[in-house]
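Residues in the sequence shown are numbered from 2 upward in steps of one, following the numbering used here.
Glycine included, each C-beta is placed from N, C-alpha and C at the ideal position.
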Amino acid sequence: MVESEAGRWIPELEERSLSTSVGDGAKWLVNKLKGKMQKPLADLLKEHNLPVGLFPREATNYEFVPETRRLTVYIPSPCEVGYRDGSELRFDATVSGALGEGRLTEVEGIKTKVLVWARVTAVKADAAKVHFTAGIKRSRSRDAYEVVRGGITVDEF
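This is the structure we're talking about:
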């Protein structure tokens, strides 16, 4: 528990989520005033031929810089997501990478379970499969990632 500016005691995680929400709200307001509205993350992924369920449902805020192709996705807390095909991904609170057509490279903030948790360095999608590079290359059915799933909070990434 930590004391808020208003003098009320709140759980530390709630305070972090609150400050993230306030920050995200401020970004939204500035973008609205500039006339720039951010499209939903699912739409951005679709435009780049990636499955909409690649990130957990909780990942609603992101920054994308078209000039550098840099995508940064914000998740309230580290979480783990299980997919229909039995695969599991673990996400840090911040995930970043270079977004291209059908691929996300230079990935930081995602792990996949291959006996142990291994850091994902690239994601590539084609019509039938999603390919994860994590020390070794692993392909999974794309269908499993077409549905956005909720994440289960984990203590650490």
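As summarised for the segment 112 to 142, the continuous beta strand (DSSP E) elements at least 3 residues long and confined to that stretch are 117 to 120, 123 to 126, 130 to 135 and 137 to 142, given in chain order.
By DSSP's assignment, Arg-104 forms a beta bridge with Gly-101 and Lys-125. Lys-112 sits buried, since 16 or more C-beta atoms from the chains shown fall within 10 Å of its C-beta. For Glu-48, the uninterrupted alpha helix (DSSP H) segment begins and ends at 42 to 48. Taking the CA atoms as reference points, Gly-152 sits about 16 Å from Asp-86.
Taking C-beta atoms as the reference points, Ala-126 and Tyr-84 fail to come closer than 8 Å. As the crow flies, the alpha-carbon of Val-66 is around 17 Å from that of Lys-47.
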